[in-house]
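Going letter by letter, the sequence shown gives residues 1 to 409 in full-length UniProt numbering.
Just so it is clear, CB atoms sit at the ideal spot from N, CA and C, and this is done for glycine as well.
Just so we're clear, the structure is a prediction, and the values are computed from it rather than from any experiment.
Data block below; observations after.
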Amino acid sequence: MKFLHLADLHLGVENYGRVDPATGLHTRFLDYLDRLDDALAFGLAEQVDLVLISGDIYKTRAPNPTHQREFARRINRVRSAGVPIFILTGNHDISPALGKAHSVAIFDALGVEGVTIADRLALHVIPTASGPLQIMAIPWVTRHMLMTREEMRNASFVQIDYELRRRLERFVIETAAKLDPALPAIIAFHGSLDGAEVGAERAMTLGQDLVLPRSVMAQPGIAYVALGHIHKHQALAQDPPMVYPGSLERVDFGEYADPKGCVLVTIEGNQARWQFHQLSARPFVTIQHDVRASSDPMGLIQTLISRHDLREAVVRLNLQATREQVPLLREDVLRTMLSDAGSFVIAAITIDVERTGRRRIAGLEQELVGSLTPRRALELYLKSKQPPLASARIAALLAAADELIAGEQ
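Shown next as structure tokens:
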């Protein structure tokens, strides 16, 4: 049995882009659709028995009709190939308001054949071309389910978190005991496991993380743990494999070095092996340099640009320069240089200007600062002025200071 494991599609992210005049869609939205198309094409070419999405279909909990339409088209493409789809709800999919529908509830309401929406703790048995697959679903859980109970009304957040974690762990253990040993079984979980290396999802998280221990997922009979929520691809264990495929596309510069893709899982008996399939995500490039020592800062910047592959990249340029160099570093010229190098979007051009340090007043090295009187400090300051003050001017200012000091005393 083979299935394609995806997570964190985040359709609707529209940073670092522009509206495409040919389609009327945002270019970054098209990036995310292209990555999803590439992943699904890979899975169908591998003749997978199932497509499993471990949460966060959209960026927001209320996607606009265009985003919903484009995702529905991809669902239709997979179903037209006869492949079932299992969708776990994530924190970006569910509404924080009790009783409101989540962003993918429409597929459940329409009863779309072959599409399973897992929005609550449950054990599902999914028929596939290679036989049934047991999936223990652990979607993103909210604290509302406990806070609305009478016995938890006055509980602290620490108490609620403890009770929620205890109930989730009990569900996993009790459900694992009910598994049919004759059928393969996996866990689909949208959330954080201890030891996971977090990324950009920390800034994007809607709701607070509840971290579960990896040990609770390592139940007898579980062949694979299909994780979602963490954007960085990583495997936290191998027996059974606990894998975050990561997001399909880069969200920001914090993910510039992270490979993006999906996971192909093969189950034989009750053992799983997996492989990460990397996709061609949009490159994010930062050019950072100190040009203060250069006599030709623009020439140096042109050389730096030529050393980077900026084709179709989101680019930012961070420079350190002297105050005298700033007039030479014209932003319009810098943007032209970056555009000519093939950049997709210029995210930012920042110039950190060197600050002139305070001049040391002559004479302070020989005198302890703590022993200086206000008059003596003023005298040293006046004598250090550039251009120098006339002696008569200094004397007049000191005399005026003497009067002020006497008046204060």
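Exercise. Quick one: what does DSSP say residue 256 is sitting in, helix, strand or coil?
Worked result: DSSP, reduced to helix, strand and coil, places residue 256 outside both helices and strands of the structure shown, so it counts as coil.
Exercise. Looking at C-alpha atoms only, which residue of 234, 210, 226, 240 is the closest neighbour of residue 220?
Worked result: Of 234, 210, 226, 240, the residue nearest in Cα terms is 240.
Exercise. Where does the unbroken alpha helix (DSSP H) through residue 299 begin, and where does it stop?
Worked result: Counting along the chain, the unbroken alpha helix (DSSP H) around residue 299 starts and ends at 297-306.
Exercise. If you draw a straight line from the alpha carbon of residue 138 to that of residue 343, how long is it in whole angstroms?
Worked result: Approximately 41 Å between the Cα atoms of the pair.
For this session: Buried or exposed for residue 261, please, with buried defined as at least 16 other CB atoms from any protein chain shown within 10 angstroms of its CB.
Result: With 16 or more Cβ atoms within 10 Å of its Cβ, residue 261 is classed as buried.
Exercise. To the nearest angstrom, how far is it from the Cα of residue 59 to the Cα of residue 293?
Worked result: Distance between the alpha carbons of residue 59 and residue 293 is about 44 Å.
Problem set entry | Candidates 135, 91, 75: closest to residue 112 by CA position | For residue 112, the nearest C-alpha among the options comes from 75.
Exercise. Around the Cβ of residue 103, are there at least 16 other Cβ atoms within 10 angstroms (buried) or fewer (exposed)?
Worked result: Around the beta carbon of residue 103, a 10 Å sphere encloses 16 or more other beta carbons of the protein chains shown; the residue is thus reported as buried.
For this session: Report yes if the C-beta of residue 388 is less than 6 Å from at least one heavy atom of the ligand NAP; otherwise report no.
Result: No copy of the ligand NAP appears in this structure; indeed no ligand is present at all.
For this session: Would you mind working out which of 211, 242, 259, 224 sits nearest residue 231, comparing C-alpha positions?
Result: Minimum Cα distance to residue 231 is reached at 259.
Problem set entry | Which residues DSSP lists as bridging residue 192, in chain order | Answer is 211, bridged to residue 192.
Exercise. With distances taken between CB atoms, is the gap from residue 135 to residue 93 smaller than 7 Å?
Worked result: Result no, Cβ atoms of residue 135 and residue 93 do not sit closer than 7 Å.
Problem set entry | Minimum C-alpha distance to residue 163 - residue among 141, 180, 178, 175 | Distance from the Cα of residue 163 is smallest, within the candidate group 141, 180, 178, 175, for 141.
For this session: Put residue 241 into one of helix, strand or coil per three-state DSSP.
Result: Strand.
For this session: Using three-state DSSP, classify residue 12 as helix, strand or coil.
Result: Of the three classes helix, strand and coil, the one that applies to residue 12 here is coil, per DSSP.
Problem set entry | Rounded separation between residue 235 and residue 245 - CA only | So the two alpha carbons sit approximately 8 Å from each other.
Exercise. Using DSSP with H/G/I as helix, E/B as strand and the rest coil, what is residue 316?
Worked result: Collapsing the DSSP output to three states places residue 316 in a strand.
For this session: Can you give me the Cβ contacts of residue 53 inside the same chain, cut-off strictly under 6 Å, excluding the 5 residues immediately before and after it?
Result: Close CB contacts of residue 53 within its chain, under the 6 Å cut and outside five residues either way in sequence, are with 6, 87 (chain order).
Exercise. Between residue 227 and residue 212, is the Cβ-Cβ spacing less than 7 Å?
Worked result: The Cβ atoms of residue 227 and residue 212 lie no closer than 7 Å to each other.
Exercise. Which value, in whole angstroms, describes the spacing of the CA atoms of residue 288 and residue 317?
Worked result: About 6 Å.
Exercise. Would a C-beta distance cut-off of 7 Å place residue 171 and residue 121 closer than the cut-off?
Worked result: It is a contact, given that the beta carbons lie within the stated cut-off.
Exercise. Among 394, 347, 253, 40, which has the Cα closest to the Cα of residue 279?
Worked result: Nearest C-alpha to residue 279: 40.
Exercise. With which residues is residue 116 paired in a DSSP beta bridge?
Worked result: As DSSP reads the structure, residue 116 sits in a beta bridge with 86.
For this session: Going by DSSP, name the residue or residues bridged to residue 286.
Result: Partner(s): 316.
For this session: Scan the region 8-81 and note each continuous beta strand (DSSP E) run of 3 residues or more that stays entirely inside, going in chain order.
Result: Within the region 8-81, the complete beta strand (DSSP E) runs of at least 3 residues are 50-53.
Exercise. If we count Cβ pairs, one from each stretch, closer than 8 Å, do we get three or more for the region 269-278 versus the region 292-311?
Worked result: Inter-segment contact for the region 269-278 and the region 292-311 is absent: fewer than three beta-carbon pairs are separated by less than 8 Å.
Exercise. Which one of 173, 249, 267 has the shortest CA to CA distance from residue 184?
Worked result: Each of 173, 249, 267 was checked against the Cα of residue 184, and the nearest Cα belongs to 267.
Problem set entry | Residues near residue 391 by beta carbon distance below 8 Å, same chain, minus five either side | Residues of the same chain with their beta carbon placed closer than 8 Å to that of residue 391 are lacking, with the five preceding and five following residues left out of the count.
Exercise. Residue 346 and residue 315 look like a contact to me (Cβ under 8 Å); what is the Cβ gap, rounded to whole Å?
Worked result: Yes, they are in contact, since the Cβ atoms of residue 346 and residue 315 sit about 6 Å apart, within 8 Å.
Exercise. Starting from residue 395 and walking both ways along the beta strand (DSSP E), at which residues does that stretch end?
Worked result: First-last for residue 395: 391-408, but that is the alpha helix (DSSP H), not the beta strand (DSSP E).
Problem set entry | Assigned secondary structure, residue 328 (DSSP; H/G/I helix, E/B strand, else coil) | Three-state DSSP puts residue 328 in a helix.
Exercise. Apart from the five residues on each side of it in sequence, which residues of its chain come closer than 7 Å, Cβ to Cβ, to residue 397?
Worked result: Excluding positions up to five away in sequence, the list reads 382.
For this session: Would you list the one or two residues that DSSP bridges to residue 274?
Result: Answer by DSSP bridge pairing, in chain order: 265.
Exercise. For residue 344, does the three-state DSSP call read helix, strand or coil?
Worked result: Residue 344: coil per DSSP, three-state reduction.
Exercise. Who are the near neighbours of residue 338 in its chain, counting only those whose CB is closer than 7 Å to its CB and skipping five residues on each side?
Worked result: Scanning its chain for C-beta atoms nearer than 7 Å, with the 5 sequence neighbours on each side dropped, one finds around residue 338 the residues 305, 310, 315, 317, 346, in chain order.
For this session: From the DSSP output, in three-state form, read off residue 337 for me.
Result: Of the three classes helix, strand and coil, the one that applies to residue 337 here is helix, per DSSP.
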